[in-house]
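There are 2 protein chains.
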Amino acid sequence: MNKTPIFKRVAIVGIGLIGSSLSRAIKANQLAAHVAVHDISIDALETAEKLSIADSYHESISDAVLESDLIVLAIPIRVYRETVSSMVSSLSSGAILTDVGSVKEEVIRVVKPILPIDMHLVPGHPVAGTEHSGPESGFSELFQDRWTILTPETGTNKNAVEIVKEMWQRVGSDVEIMGASHHDRVLAITSHLPHLIAYTIVATAADVEGQLKNEKADENTVTTAEVIKYSAGGFRDFTRIAGSDPVMWRDVFLSNKEAVLEMLGRFTEDLTALQRAIRWEDGDQLEALFKRTRSIRRSVVEAGQAGGFQYTEVSADKPKK
Amino acid sequence: MNKTPIFKRVAIVGIGLIGSSLSRAIKANQLAAHVAVHDISIDALETAEKLSIADSYHESISDAVLESDLIVLAIPIRVYRETVSSMVSSLSSGAILTDVGSVKEEVIRVVKPILPIDMHLVPGHPVAGTEHSGPESGFSELFQDRWTILTPETGTNKNAVEIVKEMWQRVGSDVEIMGASHHDRVLAITSHLPHLIAYTIVATAADVEGQLKNEKADENTVTTAEVIKYSAGGFRDFTRIAGSDPVMWRDVFLSNKEAVLEMLGRFTEDLTALQRAIRWEDGDQLEALFKRTRSIRRSVVEAGQAGGFQYTEVSADKPKK
């Protein structure tokens, strides 16, 4: 396996789950002579330093990116513009800017106009994560056997794309390259809509008690404590997803609005059809649908995408007793 | 710990995931001198015998329940009526009938009128499971540290209730007793609605390609293969739930129709509000909601209900490579 460092200096801007994991992974795989990290949170920087996830820790973003040949944005999408603006004067000619955001068209739309002409923009998205946030939640194996999607525009320097690709491969990812617009539609259905649905159902369940406060409490009144107590019946799987970083996900939905609304429209149609089947007690329709979804589950398991949250489950989720 | 057998003979009717797990658990904890199992599937019985999950295996339900002091129904709810009808003539006076179904009012409504007066009905529901089905998927630890809810009617023989309670406790469950109607509302929000949503979103995602067949395929066309490939972004968590037994779940929705439709109505309202917030780019509303759901996740983790699918994850979900 190739052991040569790829970069002289990598700057990672934002050291939450993904940023701190990538920093650890770059160091663990010796992909850079130096990894510099920046975060707007002093607390996060102090935690990162205690955990030794990088080689240097910077309150100043300019100091972090100075003389870096790769800069990685690992911050909420809606702060890309001001963040990149604040660093442009310190960027080196020929440096590569990449990111890890879950939406890619918006990145190109926002960043490209303010990036110096002698820089290379290679937007990226590792399809990996847990519901935990912050530098302490990262780990160097997060990207192993997961997909990373790069969405460089046509005409992007091929060498720059290859270098970013090699980095992700050497931290364990398989890399695919596709158009930003296509990426955003694929992720709208595979990631953004599932998160939206999970957030909603958790809120609905949490509100069951509150909604009932205006009614006379009777033997049918369901309490929030009961919702939590009996969550093993299915609900808890949604709480995991709905525990993901609120600011990051706010920005994902706002930045991929059109594709998310389209997929949500399809989902609502399907849900309404199922609601009707229940009301009319159309058991055949229900059973046929449930058999079809079961075969999709098998495909997901066969594709090897079924596990992956094991780190989280084992470390963070204690058994009941 | 009490090691005395509770029963002379237990009959388990239906040996899918739950029935076969309970059979194993009763034997592992020596709660009965004899465990007899019945299933309408000869294949299932042969598998069960190969796996030695019980003491005797019966194609005839009458043979299975004969001289049993406990009969456990572990079959889809919509076949309770005909199943109980077919066994009543073989039931012993004073025997207890219980079940493991996810809906409880319907059980009382259907079974009570056809049960001999000298029998005891103690409806039960272990809130435990994986998405796998069949006798081979069961294991004796399935109920450990999980809740089991009993919903006996007022006036049910107290001793019968205590005996069923003791059985669940000795296979590792914590037992709660509540009214059947209350149970059905709690489960509608904690289990039935989450399953319904998961089934729907998996179907929506699976149909993305099909829906697009009528359109001109372009760079935005998302394929089913891509949905599966990039499922680690959130979608795969839903496929697990949507891989659950189709017939069992068909019956759950039909048997708990009113409560499911009510919770679904609440969910749809909440989803529509979120859809509007995205369309109007109301970031504050989104962020506030996502912060609230995150705190619910913490409560679930603290309540110790967050793990539990670890058996499944570790055994069935192979890493990608």
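Residue numbers (the working numbering), protein chains in the order written: chain C, 95 to 415; chain B, 95 to 415.
All residues carry an ideal CB built from backbone N, CA and C; glycine is no exception.
Suppose contacts are defined by Cβ-Cβ distances below 8 Å. Is residue i in contact with residue j by that definition?
i	j	result
B/V258	B/T362	no
B/V104	B/V166	yes
B/I335	C/I291	no
B/F347	C/L383	no
B/A319	C/R240	no
C/V182	C/I155	no
B/S115	B/S227	no
C/T333	B/I390	yes
B/G113	B/I106	yes
C/R264	C/L160	no
C/K385	B/P340	yes
B/A168	B/G218	no
C/V269	C/V216	no
C/T141	C/P229	yes
C/D212	C/G232	no
B/I283	C/A299	yes
Answer yes or no: does any C-beta atom of chain C fall closer than 8 Å to that of residue i?
i	result
B/R373	yes
B/A127	no
B/L348	yes
B/K412	Any reading at B/K412 needs caution, since the residue's pLDDT is 31, under 50, leaving its predicted position unreliable; the model's value is listed next. With 8 Å as the cut-off, B/K412 counts as an interface residue toward chain C.
B/H226	no
B/W262	no
B/K351	yes
B/R360	yes
B/V204	no
Out of the options, which has the shortest C-alpha to C-alpha gap to residue i?
i	options	result
B/V197	B/L281, B/Q379, B/A168 and B/H226	B/L281
B/L365	C/A126, C/M357 and C/D212	C/M357
C/V395	B/R370, B/L368 and B/G337	B/G337
B/S285	B/Y174, B/V221 and B/V341	B/V221
B/R373	C/I372, C/V354 and C/R386	C/V354
C/L145	C/V159, C/L164 and C/R118	C/R118
B/I243	B/R279, B/G228 and B/S227	B/R279
B/E200	B/D331, B/L368, B/P229 and B/K351	B/K351
B/A127	B/L139, B/S186 and B/S162	B/S162
C/G108	C/A158, C/P99, C/N123 and C/K252	C/A158
Hey, how far is the Cα of residue i from the Cα of residue j?
i	j	result
C/V321	C/T248	50 Å
C/G223	C/L236	7 Å
C/K412	C/Y324	The predicted model places C/K412 with a pLDDT of 31, which falls under 50 and marks its position as unreliable; any figure quoted below should be read in that light. Approximately 16 Å between the Cα atoms of the pair.
B/W343	B/A130	26 Å
C/V194	C/N314	46 Å
B/S150	B/S349	32 Å
B/S275	B/I171	16 Å
C/K415	B/D376	Residue confidence for C/K415 is low, a pLDDT of 34 falling below 50, so the modelled location carries little weight and cannot support an answer.
C/D133	C/R330	32 Å
B/D378	C/A297	16 Å
C/A148	C/K102	14 Å
C/I271	C/Y174	22 Å
B/L164	B/Q238	21 Å
B/E303	B/T317	5 Å
B/A397	B/L287	21 Å
C/A177	B/G359	Note that residue 177 of chain C is Thr in the sequence shown here, rather than Ala. Approximately 42 Å, taken between the alpha carbons.
Any beta carbon from chain B within less than 8 Å of residue i's own beta carbon?
i	result
C/N123	no
C/Y405	In this prediction, C/Y405 scores a pLDDT of 27, lower than 50, which makes its location untrustworthy; no coordinate-derived value is stated.
C/F332	yes
C/L380	yes
C/V159	no
C/S393	yes
C/I109	no
C/A168	no
C/I291	yes
C/A297	yes
C/F384	yes
C/A148	no
C/L116	no
At which residues does the alpha helix (DSSP H) containing residue i begin and terminate?
i	result
C/L191	Looking at the DSSP string, C/L191 is not in any alpha helix (DSSP H); the run it does join, the beta strand (DSSP E), is I190 to D193.
C/H276	A274 to L281
C/Y174	Y174 to M181
B/F101	Careful: B/F101 lies outside any alpha helix (DSSP H), inside the beta strand (DSSP E) at F101 to V107.
C/S349	P340 to S349
C/I257	K252 to R264
B/T141	I136 to L145
C/S393	G377 to E396
In the DSSP assignment, find the beta strand (DSSP E) that holds residue i and state where it starts and stops.
i	result
B/L215	H214 to V216
C/V131	A126 to H132
Residues of chain E with CB closer than 7 Å to the CB of residue i, please, in chain order.
i	result
B/F329	Although the question refers to chain E, the structure presented lacks it and instead comprises the protein chains C and B.
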